[in-house]
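First to last, the protein sequences are chains A and B. Residues 1 to 112 in the numbering used here are what the first sequence spells out, letter by letter. Residues 1001 to 1114 in the numbering used here are what the second sequence spells out, letter by letter. Note that the Cβ used here is the ideal one computed from N, Cα and C, for glycine as well. Everything numeric in this text was worked out from a predicted model, so none of it was measured. Remarks on the structure that follows.
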Amino acid sequence: QKEVEQNSGPLSVPEGAIASLNCTYSDRVSQSFFWYRQYSGKSPELIMSIYSNGDKEDGRFTAQLNKASQYVSLLIRDSQPSDSATYLCAVKVLEYGNKLVFGAGTILRVKS
Amino acid sequence: KAGVTQTPRYLIKTRGQQVTLSCSPISGHRSVSWYQQTPGQGLQFLFEYFSETQRNKGNFPGRFSGRQFSNSRSEMNVSTLELGDSALYLCASSLGQMSSYEQYFGPGTRLTVT
């Protein structure tokens, strides 16, 4: 079983819609959760971090964490064509210091 | 504040050669982690350095090594290159080792082994 799983997509949404990206993880002692956005040919860019159960909002982005279900999601409201990218979910386990375990990423395509 | 910088950005090497990649973290950041990204395996953790000491290591052969200097700059070395080492090598810096500290990636070094 993979440690961090994401649907590879592509997830296609029309411009202005809400894009919902999901991620599940297997390690119950996972402490910190991150969403990165990666454009083709570029390096990952941190867009959200979340550490406790519930929702965390930042502009058009909302991260949701449910540790009991081992589930973290990212909602993008009012999706724009510029949001088209690969979204990577990453999990950090305290005992491994700064090691991030990444999912394979979900390709998001926003159609104008 | 300047971001993470990596040099060189592109590199072409031949099988059997060795290569050294360099990473300068964000000013004030003391932890540097290295990752390998390939289309088949995705992003995989290589190792982390904090206070000039390797703190964590991923599942890579001993041909992959690194070090960190007193100014937090880090280098990664790959010896006896293999075709499968062709990848994007990413460096990420963080303030420290607390779980809540975020990691910021540099632009990466694209290594091609022929």
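ask   = What does F102 of chain A reach in chain B if we use C-beta pairs closer than 7 Å?
value = To locate residue 102 of chain A, count along the first sequence from 1; it is residue 102. The contacting residues are G1042, L1043.
message = To the nearest angstrom, how far is the alpha carbon of A63 of chain A from that of S49 of chain A?
response = Your numbering for residue 63 of chain A matches position 63 in the first sequence. Your numbering for residue 49 of chain A matches position 49 in the first sequence. Going from the Cα of A63 of chain A to the Cα of S49 of chain A covers about 8 Å.
query = Once you ignore the five residues that flank Y51 of chain A on each side, which residues in its own chain have a CB closer than 6 Å to its CB?
reply = Within the first sequence, the letter at position 51 stands for residue 51 of chain A. For Y51 of chain A, where only same-chain residues beyond five positions count, the Cβ hits under 6 Å are S32.
inquiry  = On the DSSP letters alone, give me the boundaries of the beta strand (DSSP E) that A1087 of chain B sits inside.
reply    = As a working note, residue 1087 of chain B is residue 87 in the second sequence. A1087 of chain B -> beta strand (DSSP E) spans 1087 to 1094.
ask   = Can you find a C-beta in chain B that's less than 8 Å from the C-beta of K111 of chain A?
value = Position 111 of the first sequence holds residue 111 of chain A. It does not: the Cβ of K111 of chain A has no partner Cβ on chain B nearer than 8 Å.
key: A1087 of chain B vs Q1037 of chain B beta-carbon contact at 8 Å   = The sequence position of residue 1087 of chain B within the second sequence is 87, counting from 1. The sequence position of residue 1037 of chain B within the second sequence is 37, counting from 1. It is a contact, given that the beta carbons lie within the stated cut-off.
task = Determine the DSSP secondary structure at E95 of chain A, reduced to helix, strand or coil.
result = By 1-based counting over the first sequence, the position of residue 95 of chain A is 95. Helix, per DSSP.
message = Let me check one thing: in DSSP terms, what residues is N1157 of chain B bridge-paired to?
response = In the structure displayed, chain B extends from 1001 to 1114; residue 1157 of chain B sits before or after that span and is not available.
ask   = Is there at least one Cβ from chain B nearer than 8 Å to S26 of chain A's Cβ?
value = Translated into the one-based positions of the first sequence, residue 26 of chain A becomes position 26. False, the Cβ-Cβ gap to chain B never drops below 8 Å.
query = Does any C-beta atom of chain A lie closer than 8 Å to the C-beta of F1105 of chain B?
reply = Mapped onto the second sequence, residue 1105 of chain B falls at position 105. The beta carbon of F1105 of chain B sits closer than 8 Å to some beta carbon of chain A.
message = Whether or not the region 19 to 27 of chain A and the region 69 to 84 of chain A are in contact is what I'm after, with contact meaning three or more pairs of Cβ atoms, one per stretch, closer than 8 Å; do they touch?
response = As far as the Cβ criterion goes, the region 69 to 84 of chain A touches the region 19 to 27 of chain A, which means the pair count is three or higher.
ask   = Going along chain B, which residues have a C-beta under 8 Å from K99 of chain A?
value = As a working mapping, residue 99 of chain A is identified with position 99 in the first sequence. Correct list: S1033, F1045, E1048, N1056, G1058.
request  = Would you mind working out which of B:Q1054, B:Y1089, B:S1031 sits nearest T1109 of chain B, comparing C-alpha positions?
outcome  = To locate residue 1109 of chain B, count along the second sequence from 1; it is residue 109. Taking each of B:Q1054, B:Y1089, B:S1031 in turn and checking the Cα distance to T1109 of chain B, the smallest one comes out for B:Y1089.
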